[in-house]
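K.L.:
Residue numbers (the UniProt record's numbering), protein chains in the order written: chain A, 1 to 665; chain B, 1 to 665.
#1: Determine the burial state of residue 590(B): buried for a count of at least 16 other Cβ atoms within 10 Å of its Cβ, exposed for fewer.
#2: Could you name the residues of chain A that residue 34(B) contacts, counting a contact when the two beta carbons are closer than 7 Å?
#3: Below 8 Å on the Cβ atoms is my contact criterion, and I expect residue 250(A) with residue 220(A) to pass it. Report the Cβ-Cβ distance as a whole number of Å.
#4: DSSP on residue 290(A), reduced to helix/strand/coil?
#5: Can you tell which of 645(B), 256(B), 68(B), 516(B) has its C-alpha closest to the C-alpha of residue 350(B)?
#6: In this structure, does DSSP put residue 376(A) in helix, strand or coil?
#7: Counting only runs that start and end within the segment 176 to 235 of chain B, where is the beta strand (DSSP E) found for 3 or more residues in a row?
#8: Counting only C-beta atoms, is residue 8(A) closer than 8 Å to chain B at any point?
#9: Compare the C-beta of residue 258(B) with all C-beta atoms of chain A and state if any pair is closer than 8 Å.
#10: If you compare alpha carbons, which of 321(A), 414(A), 328(A) is closest to residue 241(A)?
#11: For residue 7(B) and residue 521(B), which I take to be in contact (beta-carbon distance under 8 Å), what is that distance rounded to the nearest angstrom?
#12: Using a Cβ cut-off of 8 Å (strictly closer), state whether residue 29(A) contacts chain B.
#13: Does the distance from the CB of residue 412(A) to the CB of residue 491(A) come in under 8 Å?
#14: Taking the alpha carbon of residue 309(B) as the point to measure from, which residue in 123(B), 296(B), 320(B), 555(B) has its own alpha carbon closest?
#15: For a test of the three-state rule: what should DSSP assign to residue 337(A), helix, strand or coil?
#16: Taking all protein chains shown into account, do 16 or more other C-beta atoms lie within 10 angstroms of the C-beta of residue 196(B), making it buried, or fewer, making it exposed?
#17: Using the three-state DSSP reduction, which class does residue 485(A) fall into: helix, strand or coil?
#18: Hey, how far is the Cα of residue 622(B) from the Cα of residue 541(B)?
#19: At a Cβ cut of 7 Å, what residues of the segment 579 to 600 of chain B count as close to chain A, listed as they run along the chain?
#20: Please list the terminal residues of the continuous beta strand (DSSP E) segment that includes residue 621(B).
#21: Measuring alpha carbon to alpha carbon, tell me which of 224(A), 655(A), 504(A), 193(A) ends up nearest residue 395(A).
#22: Three-state secondary structure (DSSP) at residue 170(A)?
#23: Output the distance between the C-alpha atoms of residue 266(B) and residue 258(B), rounded to the nearest integer angstrom.
#24: Run through DSSP, which three-state label would residue 8(B) get?
#25: So, using beta-carbon positions, are residue 555(B) and residue 606(B) closer together than 8 Å?
#26: How is the alpha helix (DSSP H) around residue 516(B) delimited, first residue to last?
#27: Would residue 231(B) pass as an interface residue toward chain A - the criterion being a Cβ-Cβ separation below 8 Å?
#28: Anyone know if the C-beta pair for residue 420(B) and residue 470(B) falls short of 8 Å?
#29: Using a Cβ cut-off of 8 Å, pull out every chain B residue sitting near residue 265(A), in sequence order please.
#30: Any chance you could list the beta strand (DSSP E) runs of at least 3 consecutive residues sitting entirely within the segment 376 to 450 of chain A, in chain order?
#31: Between residue 27(B) and residue 227(A), is the Cβ-Cβ spacing less than 8 Å?
#32: Could you check whether residue 599(B) and residue 563(B) sit closer than 8 Å to each other, using their CB atoms as the reference points?
#33: Please confirm if residue 65(A) has its CB atom under 8 Å from at least one CB of chain B.
#34: Starting from residue 463(A), trace the beta strand (DSSP E) in both directions and tell me its first and last residue.
#35: Count the C-beta pairs between the segment 35 to 52 of chain A and the segment 88 to 102 of chain B that are closer than 8 Å, then say yes if the count reaches three, no if not.
#36: Could you give the uninterrupted runs of the alpha helix (DSSP H) lying entirely in the segment 592 to 636 of chain B, keeping only those of 4 residues or more?
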């Protein structure tokens with residue numbers, strides 16, 4: 001199995017081995033496995049659950065606490081009307097094709113991609129080149145293997161490659177045309193699938209006993225934040241700008257989930273909605289703190305030119321050169337970068353890619369994704385979209401709720417304008433049931449129209465107005481019923497709908513990419529290929545310390561107990577492994593569980609009360625008394641010190657680690 | 001408005017006022033309020049969200065870390081088969097009645113309760129007694145008000161009261177009979193509702209694009225833990241007993257949600273599944289640590305005798321006297337009690353009530369609820385059920401997965417038994433397609449049957465066996481096809497299905513009850529009735545410290561910034577309020593937000609760098625330099641010291657707090 005992905009130490013990454021480790025150690029497991037599972041649903045076991053909780057904890061400190069965001073926790077169940085208004089009922093869909101022979105449902109873009117890739121692979125084989133496997137999952141691999149070695153014309157190869165490069169940008173009709181044009185057939189049946197139809201990705205349900213209230217599981221946490229905007233602004237004592245934030249599950253009924261944790265039907269999101277005055281130029285008060293952070297950027301223009309060549313530049317420079325549109329967007333890109341760095345993502349495997357115009361969600365006017373490089377390719381893990389005033393506007397329009405900011409103007413605004421005065425008492429009797437319609441039509445006139453109407457009224461004593469649905473569509477109104485005059489109005493308050501910058505984190509994707517980035521095998525250090533290590537930073541490692549008594553000897557018990565208690569009191573999670581396996585096996589198991597530190601209790605401990613502390617990554621050890629070791633652990637967990645510092649401070653322990661050949665205990 | 005509920009200080013609790021406060025300060029708000037909301041769905045705003053996160057944090061430390069539980073995070077979406085097997089598809093239902101006139105859907109037990117209570121109220125009025133309002137929610141109150149003052153016979157009053165006391169114990173037919181018998185009519189229409197039908201409380205949806213895989217939103221987190229049992233046991237290195245734990249949302253499609261946060265359709269649960277060997281007598285290794293904890297108990301027998309008189313006794317005594325069935329159950333009741341105490345629940349408002357036999361969930365064989373006293377009465381907030389081997393057994397049976405423990409026997413078990421040997425080669429040709437059926441029937445025989453069959457075989461050379469569906473239902477088999485002999489078998493391994501003790505926490509209910517328990521008004525101290533206080537303990541208070549600069553004077557800015565930074569670094573959440581409101585108003589706002597400490601920065605700060613620290617509950621203040629105040633805050637938050645200690649250590653500050661009359665800023 002070959003992929004271009006590498007481990008932390010630059011070794012070729014064997015995804016099958018890593019995946020085996022992650023399942024064996026219960027980082028995650030397919031949900032309802034004993035019932036043969038459901039595609040796209042996964043459970044986190046203890047280490048996955050611990051890692052997830054620690055990532056969330058760092059996220060909350062980095063964003064919510066550091067920036068005083070207003071965290072909310074909203075309902076997942078969402079009534080139809082809310083998602084109809086937000087546009088999700090109409091637009092939140094993928095394209096699917098049905099195979100008329102076996103009824104299989106295919107995701108249209110994936111289907112086109114799979115068949116064209118298989119043909120290109122067949123072409124390479126026919127040309128005698130070793131096919132480079134761009135392997136996305138086992139299923140696809142199987143399909144590719146079934147491909148025949150047929151040579152294609154050079155022009156066809158180029159055409160296919162161009163289609164694949166733009167695969168995310170086709171709509172349903174276009175995908176249907178590609179299927180026809182290239183005569184694409186489902187390898188399973190040999191027949192052409194039916195034309196693509198839209199499949200809405202929201203899970204639907206009924207709320208209440210009558211079955212009449214239709215609802216969905218939310219596809220994002222954002223809507224809960226938007227509909228609460230007025231209350232949040234009030235809670236924030238009417239002060240702008242501010243951000244709300246939410247951590248919670250969302251749901252997308254993927255047509256055919258694949259790629260493990262990367263494309264699932266139920267997932268944890270962490271989303272920020274930063275509300276900003278659009279007239280401020282989307283400046284950010286803390287931008288100066290971030291302007292020197294360097295980012296790797298792949299902008300829209302570069303991609304349009306068919307290139308994936310990235311630029312490395314500071315955020316300050318990027319905003320200055322308008323590669324990134326504004327300070328607030330730039331500020332958050334830098335903050336996202338720092339967050340990913342903090343949890344241990346490989347700096348060489350992050351890039352920020354701007355969405356192409358036709359790739360954006362229906363609500364976005366600009367979007368940058370933080371993509372992480374994995375064995376599945378570059379994967380979108382954080383989206384940072386400028387949703388403009390879209391959501392607040394549509395909800396306000398639909399409900400009449402004032403989702404806007406009212407601000408006292410420092411300088412009152414003086415406006416010269418044409419105003420319409422209506423003699424309502426005379427209006428009703430004349431127009432009867434049409435009175436209201438005519439009135440609305442009059443008040444809806446623009447300044448230009450009013451100027452013309454005022455002129456007409458002055459000259460003829462009457463005005464003629466188009467009012468659809470009343471009489472013959474034209475209404476005459478005389479000057480004793482309506483006056484139109486130019487007057488001065490003074491506005492002391494400004495009203496505006498804030499714009500929204502939304503950094504949105506897929507926690508499961510980040511977690512999986514992080515695991516790939518932190519994985520390596522001891523073969524790199526000349527050790528056993530079968531000994532895998534997950535070098536998660538102590539901050540996010542599920543368990544910080546493994547405590548290992550040398551044997552089941554009762555003399556070790558009080559020491560084990562005492563150290564556990566002290567670590568727990570210091571808020572440091574630890575596990576005791578007093579099983580009968582060798583020390584080496586027990587450490588190997590915990591290397592796979594990403595436990596960064598290990599304490600051994602041995603006969604010397606009983607004599608002089610010293611214990612050894614082992615570093616997961618180097619397997620080197622120091623030996624000192626309990627208090628010094630616990631202080632060393634504390635400083636490592638809090639990131640104040642690195643292992644090298646500890647080796648400088650405490651005596652090295654050379655007692656060799658037992659060599660194990662059979663690591664998978 | 002009168003209720004029997006009281007505030008923290010024993011004042012009568014006005015729920016309307018408290019509810020107003022909680023909504024105004026955005027502890028919670030009805031979800032999708034601008035869309036007129038959906039019954040039974042609530043969002044938590046920033047303080048509610050913070051309180052919830054802190055309760056969860058204490059829970060995780062108290063249970064998961066302290067007891068080394070295996071935390072998992074499983075899918076909410078659950079396929080039909082899993083919940084069919086667990087019994088939820090068939091049994092997880094409430095009874096509902098439809099009003100034939102207006103189509104209104106009524107929850108049957110609530111309907112009977114409402115109408116009978118209204119009649120009893122009318123009777124009291126007719127007798128000239130002041131009706132004691134047992135008010136459960138505003139809707140019910142309205143219905144009661146509509147009741148006519150009609151005197152009932154004494155016997156009828158007694159009958160109604162007996163029905164109400166047992167209202168949770170009727171099934172659908174019985175509720176239907178009560179409606180007929182007492183001629184109960186829907187007050188809204190004056191007609192009798194249709195007979196009760198079962199309404200399953202699970203939200204249903206379709207998974208995947210074909211629409212053929214039916215699924216539900218989980219009604220509890222437990223099933224995800226059960227189906228993973230084998231993997232969890234493996235992760236725990238085959239060691240028993242152990243517990244898994246999970247924190248996550250569950251869903252119940254309530255027929256008519258009411259009582260605010262107490263009966264909702266989407267809610268956060270924290271559940272523990274403690275797996276124990278049933279042959280161990282459900283002993284618990286750490287029981288001795290809990291045996292002196294005193295609990296208030298209301299057992300099944302007391303309730304059967306029509307009484308609600310509680311007993312106060314230690315857990316040790318309760319288990320000894322078999323009031324509580326076993327050590328593990330007793331251990332968890334005590335641990336639950338300590339958890340509730342830790343987060344600030346009023347000790348006088350907790351009791352543990354045992355379920356009546358007919359009140360238990362379909363999977364439980366014993367259950368104790370931790371009930372908290374609120375203005376809605378005693379409310380179940382934690383259930384502690386003995387689910388026996390029910391769930392693991394049904395899932396194992398359905399899927400064939402080995403959800404059991406295999407243990408090496410210390411002493412091998414020697415078994416004398418009748419064994420059946422079948423000559424399979426001859427069996428097939430003789431019975432043809434029925435061969436397998438006959439074989440299974442033979443192997444399914446009991447020891448007693450085998451003894452008889454062996455005798456028959458010895459005496460006649462043939463045996464006769466009942467095999468339904470084969471021939472005439474009787475099959476003759478001769479001794480050259482089958483032998484039955486008594487032999488000795490030695491078993492070195494013991495296999496058993498663990499029993500489960502399940503403490504299950506409704507976080508939203510606990511959160512609401514806690515808010516009621518911590519609420520009071522300054523009228524108690526001779527202050528303003530309108531000044532409300534939420535005295536949440538610092539451990540769970542959403543924000544720990546409010547920082548208040550005296551005015552907008554720029555001289556205060558560096559101090560405000562410096563203190564915020566230092567507190568944040570110490571991991572203590574704080575908020576700055578530099579609004580133009582008076583100091584008193586700003587403190588009042590934060591009394592309502594439950595912020596336990598306040599720091600004022602004034603002109604003296606600029607001169608001598610001292611700041612004042614205010615205690616929310618007493619409103620008293622001390623004044624000292626920054627470091628001393630921060631150390632005092634740290635010790636208060638960690639629970640090392642109480643305010644009285646701080647007053648002993650630091651100089652009292654007598655600068656009086658500005659009196660405010662208009663507290664609701």
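All C-beta atoms in this analysis are idealised placements derived from N, C-alpha and C, irrespective of residue type, glycine included.
None of the values given here were measured: they were computed from a predicted structure.
P.N.:
Reading off the structure:
#1: The residue in question, residue 590(B), is buried, as its Cβ has 16 or more Cβ neighbours within 10 Å.
#2: Within chain A, the residues near residue 34(B) are 227, 395, 399, 401.
#3: In this structure residue 250(A) touches residue 220(A) by the C-beta definition: roughly 5 Å separates them, less than 8 Å.
#4: If DSSP states are grouped into helix, strand and coil, residue 290(A) belongs with the helices.
#5: Closest option to residue 350(B), Cα to Cα, is 516(B).
#6: DSSP places residue 376(A) in the coil class of the three-state scheme, outside both helix and strand.
#7: Given a length threshold of 3 residues, each whole run of the beta strand (DSSP E) inside the segment 176 to 235 of chain B is given here in chain order: 197 to 200, 204 to 207, 213 to 217.
#8: At a cut-off of 8 Å between beta-carbon atoms, residue 8(A) makes no contact with chain B.
#9: Closer than 8 Å to the CB of residue 258(B) there is not a single CB belonging to chain A.
#10: Taking only the C-alpha atoms, the option nearest residue 241(A) is 328(A).
#11: So it is a contact: roughly 7 Å between Cβ atoms.
#12: Output row for residue 29(A): interface = yes.
#13: Yes. Within cutoff.
#14: Nearest option by C-alpha distance: 296(B).
#15: Helix.
#16: It counts as buried.
#17: The DSSP-derived three-state label of residue 485(A) is strand.
#18: Distance between the alpha carbons of residue 622(B) and residue 541(B): 21 Å.
#19: Within the segment 579 to 600 of chain B, contact with chain A at the beta-carbon level (separation under 7 Å) is assigned to 579.
#20: Counting along the chain, residue 621(B) sits inside the beta strand (DSSP E) bounded by residues 621 to 625.
#21: Of the residues 224(A), 655(A), 504(A), 193(A), the one whose Cα lies closest to the Cα of residue 395(A) is 224(A).
#22: Residue state for residue 170(A) is assigned as coil, using DSSP reduced to three classes.
#23: Each residue's alpha carbon lies about 13 Å from the other.
#24: Collapsing the DSSP output to three states places residue 8(B) in coil.
#25: Yes, they are a contact pair.
#26: Following the DSSP letters along the chain, one finds residue 516(B) inside the alpha helix (DSSP H) bounded by residues 507 to 518.
#27: Yes, its Cβ sits closer than 8 Å to a Cβ of chain A.
#28: Cβ atoms of residue 420(B) and residue 470(B): not closer than 8 Å.
#29: What residue 265(A) touches in chain B: 77, 207.
#30: For the segment 376 to 450 of chain A, whole beta strand (DSSP E) runs of length 3 or above, ordered along the chain, are 377 to 388, 405 to 422.
#31: Judged by beta-carbon spacing, residue 227(A) lies beyond the 8 Å limit of residue 27(B), meaning their Cβ atoms are not closer than that value.
#32: Yes; because the gap between Cβ atoms is below 8 Å, this pair is in contact.
#33: Output row for residue 65(A): interface = yes.
#34: For residue 463(A), the enclosing beta strand (DSSP E) covers residues 462 to 466.
#35: Using a C-beta cut-off of 8 Å, the segment 35 to 52 of chain A makes no contact with the segment 88 to 102 of chain B, since fewer than three inter-stretch Cβ pairs fall below that distance.
#36: Counting only runs of 4 or more, we get 603 to 608.
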